[in-house]
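>
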Amino acid sequence: MKKKYFLVVNPISGDVDKSEILNKTMAFAIEYDVEIIVYETSGTDDETAIRELYNVHKPERILIAGGDGTIKMVGEALEKQDVIFGILPAGSANGLAVDLNLPSTLEENLEVAFHNHFMEMDMISINGKKSIHLSDLGLNAELVKNYENGSTRGKLGYALQVITTLTELEEPFSAKIEVNNETIECVARMIVIANSQKYGTGVTINPEGVMNDGKFEIVILKNLDLVVFGKIITGNIPVNSEDVEIISSDKAIITTTSPVSFQIDGEYIGAETKLNIKILPSQMKVAIP
Numbered sequence: 005m006k007k008k009y010f011l012v013v014n015p016i017s018g019d020v021d022k023s024e025i026l027n028k029t030m031a032f033a034i035e036y037d038v039e040i041i042v043y044e045t046s047g048t049d050d051e052t053a054i055r056e057l058y059n060v061h062k063p064e065r066i067l068i069a070g071g072d073g074t075i076k077m078v079g080e081a082l083e084k085q086d087v088i089f090g091i092l093p094a095g096s097a098n099g100l101a102v103d104l105n106l107p108s109t110l111e112e113n114l115e116v117a118f119h120n121h122f123m124e125m126d127m128i129s130i131n132g133k134k135s136i137h138l139s140d141l142g143l144n145a146e147l148v149k150n151y152e153n154g155s156t157r158g159k160l161g162y163a164l165q166v167i168t169t170l171t172e173l174e175e176p177f178s179a180k181i182e183v184n185n186e187t188i189e190c191v192a193r194m195i196v197i198a199n200s201q202k203y204g205t206g207v208t209i210n211p212e213g214v215m216n217d218g219k220f221e222i223v224i225l226k227n228l229d230l231v232v233f234g235k236i237i238t239g240n241i242p243v244n245s246e247d248v249e250i251i252s253s254d255k256a257i258i259t260t261t262s263p264v265s266f267q268i269d270g271e272y273i274g275a276e277t278k279l280n281i282k283i284l285p286s287q288m289k290v291a292i293p
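All residue numbers in the sequence shown are consecutive under the numbering used here, ending with 293.
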């Protein structure tokens with residue numbers, strides 16, 4: 005009896021043609037005597053369709069060709085199933101793939117996705133929504149909103165919106181953070197809720213991040229002038245300065261005095277004034293090198 009694997013493909017993620025991924029995955033499947041069931045996302049109730057297909061075929065692995073949003077959606081659809089996920093990075097910013105140190109070529113990623121060992125990864129619940137990677141309030145969420153509203157995709161699209169976002173920079177916001185039995189009051193440009201270390205651009209925002217330690221970090225960026233922003237973009241986050249504070253915990257509540265832009269895993273959610281945050285340990289088995 006042949007093994008069955010799912011391949012979930014987001015046809016529009018990252019503005020990348022997925023035919024090469026499909027062809028090479030099929031070639032791998034023939035080589036390893038695996039039957040591949042392909043599902044293309046449509047953006048309309050994909051979770052239900054994926055669950056129904058899973059129940060019919062009971063595949064041993066789920067291969068995902070897309071970005072962080074696609075991975076999160078499939079992970080949520082199959083959260084009750086004991087199945088290993090293999091990631092084939094194909095989004096505009098593949099943050100999770102960067103953090104998992106996945107290889108740079110499709111062939112190497114297929115090797116990992118088909119038969120490497122796996123890690124049991126945590127997720128974070130924020131106001132009942134799940135985050136697998138990095139969510140934030142403030143400047144970067146504004147950037148994500150501008151990117152979603154812009155017409156240019158990929159890294160160039162992000163670069164263009166960085167300029168727009170910085171020129172339209174609003175005042176810092178005031179926040180109260182209830183965490184580890186204390187209340188912290190701060191004024192910030194950006195507050196990151198991090199399950200991992202790096203944005204998809206490779207920028208390290210949370211050097212302490214471990215995706216299977218039962219904790220998340222809150223990274224408070226109090227001052228984001230061009231010098232600090234430049235350091236972060238070049239991967240040199242000034243951890244030991246008064247501009248950045250990092251707090252590790254398994255639950256927290258963040259309240260802001262006025263609505264602040266908020267994004268989860270590269271998807272703009274809206275302007276929020278309160279975030280209820282808790283860790284969800286060992287939610288997803290992900291194939292790693």
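No residue lacks a Cβ here, since even glycine has one placed at the ideal position from N, Cα and C.
Bear in mind that the values here come from a model prediction, so they are computed numbers and not experimental data.
Apart from the five residues just before and just after G79, which ones in its own chain have a Cβ nearer than 8 Å to its Cβ?
The answer, listed in chain order, is F89, M127, K134, I136, Q287 and M288.
> Does the distance from the C-beta atom of R65 to that of A81 stay below 9 Å?
Result no, Cβ atoms of R65 and A81 do not sit closer than 9 Å.
> Tell me the rounded alpha-carbon separation between T277 and F122.
Taking the straight line from one Cα to the other gives about 37 Å.
> Less than 8 Å between C-beta atoms, sequence neighbours within five positions excluded: which residues of the same chain meet that for H61?
Closer than 8 Å at Cβ, skipping near neighbours: K8, F10 and I41.
> Give me the DSSP bridge partner(s) of G142.
Partner(s): M194.
> Please classify G218: is it buried, with 16 or more other beta-carbons within 10 angstroms of its beta-carbon, or exposed?
Exposed.
> What is the DSSP secondary structure of I136, reduced to helix, strand or coil?
The answer is coil: DSSP assigns I136 none of H, G, I, E or B.
> Leaving aside the five residues before and after L284 along the sequence, list all residues of the same chain whose C-beta is less than 8 Å from its C-beta, in chain order.
If we look at L284 and ignore the five residues flanking it on each side, its Cβ neighbours are D126, M127, I128, S129 and K134.
> Thinking C-beta only, is K226 closer than 9 Å to D247?
Taking 9 Å as the Cβ cut-off, D247 and K226 qualify as a contacting pair.
> What do you reckon, are the CB atoms on A94 and V20 nearer than 9 Å?
In contact: A94 and V20 (Cβ atoms closer than 9 Å).
> Beta strand (DSSP E) containing E124: first to last residue?
Segment F122 to I130, the beta strand (DSSP E) holding E124.
> In the DSSP assignment, the beta strand (DSSP E) including A256 goes from what residue to what residue?
Residues K255 to I268.
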